[in-house]
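Residue numbers (my numbering): 1 to 444. Glycine is no exception: its CB is placed at the ideal position from the N, C-alpha and C atoms. If you're wondering where the values come from, they're calculated on a predicted model, not measured in any experiment. Everything below concerns the one structure shown next.
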Amino acid sequence: MYSFSPKLRLYSIILIVVGVVLFGIGYALNHGLDDATITHWMESVHSKGHEAPSHSSELVGPQDHNAHLEHAKHQVHNQPLAAIHTFAVFAFGISCCALFFYSIQHAAHAGWSIIVTRVMEAIASYIPYGGAILIIIMLLNITHQGHLFHWMDPNLTDPNSPEFDVILFEKKRFLNIPFYAIRTIIYVVGASFFVWKLKSLSKKVDENKGNRKIYASLYSWNVGYIAFFGFASAAWAWDWLMSIDPHWYSTLYIWYSMVSCLSTSIAVMIIISVYLKKKGVYPQFNNNHLHDLGKFLFATSMLWSYLWFCQFMLYWYANIPEEVNYFFGRFEYYAPTFLPMLVVNFLVPLLVLLSSSIKRNYKVVTFMACLVIFGHAVDYFNMVMPGTVGPYWNNLPMALLVLGSFIFVVGIFTFTVMTALAKLKLMPTGNPYYHESEIYEYPF
1 MYSFSPKLRL YSIILIVVGV VLFGIGYALN HGLDDATITH WMESVHSKGH
51 EAPSHSSELV GPQDHNAHLE HAKHQVHNQP LAAIHTFAVF AFGISCCALF
101 FYSIQHAAHA GWSIIVTRVM EAIASYIPYG GAILIIIMLL NITHQGHLFH
151 WMDPNLTDPN SPEFDVILFE KKRFLNIPFY AIRTIIYVVG ASFFVWKLKS
201 LSKKVDENKG NRKIYASLYS WNVGYIAFFG FASAAWAWDW LMSIDPHWYS
251 TLYIWYSMVS CLSTSIAVMI IISVYLKKKG VYPQFNNNHL HDLGKFLFAT
301 SMLWSYLWFC QFMLYWYANI PEEVNYFFGR FEYYAPTFLP MLVVNFLVPL
351 LVLLSSSIKR NYKVVTFMAC LVIFGHAVDY FNMVMPGTVG PYWNNLPMAL
401 LVLGSFIFVV GIFTFTVMTA LAKLKLMPTG NPYYHESEIY EYPF
């Protein structure tokens with residue numbers, strides 16, 4: 001049985017507090033900016049020859065100086081909500097992907113992973129809390145206290161408005177505020193229900209020593225979550241990420257954004273498992289289990305890279321303005337984060353994790369897990385920021401907001417997950433595949 005270390009509990013609380021303080025300072029600096037400062041930033045961007053729109057929505061509407069200034073102010077004041085939205089979606093996705101990975105193991109009757117299932121359950125326990133943050137963000141957006149989503153402006157879908165946007169009008173059946181709010185609630189409530197149901201059934205299986213009827217029910221509900229996740233993860237990628245830039249779409253985007261979270265969730269599993277092993281409460285976890293988690297970390301990193309390249313290559317090659325502008329804005333304004341993340345998310349995992357023996361090295365695999373988490377956090381930053389804050393991200397308020405949001409989410413994620421883990425029986429000895437997992441040995 002794991003006991004939540006007082007030291008780790010204190011560290012997680014400190015992270016939450018520090019994150020809130022940094023975010024608060026960034027928020028105050030952001031809202032203290034005057035028109036003269038924002039005008040200076042805008043002119044500085046233009047003076048460097050970067051006059052292309054940062055996202056496709058800027059291609060519609062007036063293009064005079066006043067309109068540009070108004071849009072720049074709008075983007076600058078998006079910084080606080082964009083920062084917390086980025087990591088709130090990212091952390092929620094990580095926890096849902098952990099439950100997805102858990103469900104796949106049960107649906108496939110996999111034996112090797114049973115020892116790690118409690119870690120997966122603990123990570124998934126963050127879902128209701130992360131979902132609550134996303135519902136708050138949703139309420140801020142639909143009440144127009146936040147302005148992350150361009151399509152929520154009613155003037156853009158009013159045929160009598162001078163700002164009428166025919167593309168958004170055509171997408172109005174899906175992109176409308178009531179339906180968006182309903183879908184967000186469905187994602188959060190649905191995922192929260194499944195994590196509660198699967199954890200309770202897993203506990204019953206343990207208590208009843210692998211009762212076949214209860215285990216069959218656990219199997220069925222895991223299949224049910226896979227189906228739910230398949231539809232919900234696609235839809236929330238459209239709602240929370242892709243609709244930030246509503247003139248652009250990609251048929252690969254839903255897989256791309258999901259695999260980013262899946263790879264990160266496996267990285268989190270590795271870090272927690274190694275931490276428990278180091279604490280001496282997880283002796284059953286050995287280098288064979290680490291090796292298989294390392295394989296999945298490598299595989300998902302390569303899958304993410306494949307999807308990134310396919311999405312980019314097809315759109316760039318087509319050279320259609322509305323499509324290629326999504327990437328052009330990132331090349332122009334996000335050069336320090338957009339392409340360099342390929343080194344972290346693709347090249348380093350390829351070079352380091354290819355070796356089978358390396359995947360048994362606790363220090364190397366743990367370092368790679370930390371690197372993957374950082375790399376995919378940058379990936380989500382690149383997904384959200386260009387369409388919300390545009391080129392106005394390289395400044396002190398934004399740095400404090402992003403750092404504060406990231407630290408806050410890491411703190412609350414750590415506190416929630418480790419608290420949940422302390423309430424679970426670490427070894428699911430009642431699972432019929434437990435013994436297979438205990439003696440599992442990778443043959444190569």
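| field | Assigned secondary structure, A110 (DSSP; H/G/I helix, E/B strand, else coil) | value | coil
| field | For T251 and M1, the rounded distance between their alpha carbons | value | 45 Å
| query | Are A267 and I373 close, meaning C-beta to C-beta below 7 Å? | reply | yes
| Can you name the start and end residues of the alpha helix (DSSP H) that V372 belongs to? | 362-388
| field | Spatially closest choice to H68 from H85, D35, L175, by CA coordinates | value | D35
| request: Write down the C-beta distance between V281 and L426 rounded to the nearest angstrom, noting that I regard them as a contact closer than 8 Å. | output: 7 Å
| task | Grab me the residues of L403's own chain with a C-beta within less than 6 Å of its C-beta, minus the 5 sequence neighbours each way, in chain order. | result | L22
| request: Keeping to the same chain, check which residues put their C-beta closer than 7 Å to that of V348; ignore five residues upstream and five downstream. | output: L371
| task | Would you mind giving the Cβ-Cβ distance between S202 and P443, rounded to the nearest angstrom? I have them listed as a contact below 8 Å. | result | At roughly 29 Å, the Cβ-Cβ gap does not stay under 8 Å, so S202 and P443 are not in contact.
| query | Which runs of the alpha helix (DSSP H), 4 residues or longer, sit entirely within the region 320-348? | reply | 321-333
| query | Can we say the region 172-182 touches the region 99-113, given the rule of at least three CB pairs closer than 8 Å? | reply | no
| Any contact of the region 120-136 with the region 77-90, i.e. 3+ C-beta pairs under 8 Å? | yes
| query | Taking the Cβ atom as the reference point for each residue, do W304 and S260 lie within a distance shorter than 7 Å? | reply | yes
| request: Decide yes or no for the touch test of the region 350-362 against the region 286-300: beta carbon pairs closer than 8 Å, at least 3 of them. | output: yes
| request: Determine the DSSP secondary structure at W248, reduced to helix, strand or coil. | output: coil
| message | Does M1 come out as helix, strand or coil in the three-state DSSP assignment? | response | coil
| task | Whole angstroms is fine: what's the gap from C97's alpha carbon to L262's? | result | 5 Å
| request: For H46, collect the residues of the same chain with a Cβ closer than 7 Å to its Cβ; drop the 5 residues on either side in sequence, then sort them by chain order. | output: none
| message | Ignoring anything shorter than 4 residues, give me the alpha helix (DSSP H) runs that lie fully in the region 212-269, in order along the chain. | response | 212-240
| Which residue's Cα is closest to the Cα of N30: V20, P80, I13, V223? | P80
| said: Within 8 Å, do at least three Cβ pairs link the region 374-392 to the region 321-341? | reply: yes
| L99 versus F164: straight-line alpha-carbon distance, rounded | 42 Å
| In the region 63-140, which residue ranges form an unbroken alpha helix (DSSP H) of at least 4 residues, counting only runs that do not cross its ends? | 65-76, 79-107, 117-124
| said: As a quick exercise: from F312, I272, P283, A369, pick the residue whose alpha carbon is nearest that of A420. | reply: I272
| task | In the DSSP assignment, find the alpha helix (DSSP H) that holds K425 and state where it starts and stops. | result | Note, K425: premise wrong, no alpha helix (DSSP H); not H, not E.
| query | In three-state DSSP terms, what is H144? | reply | coil
| Between S192 and the rest of its own chain, which residues show a CB-CB distance below 7 Å, the 5 nearest in sequence each way excluded? | I127, P128, G131
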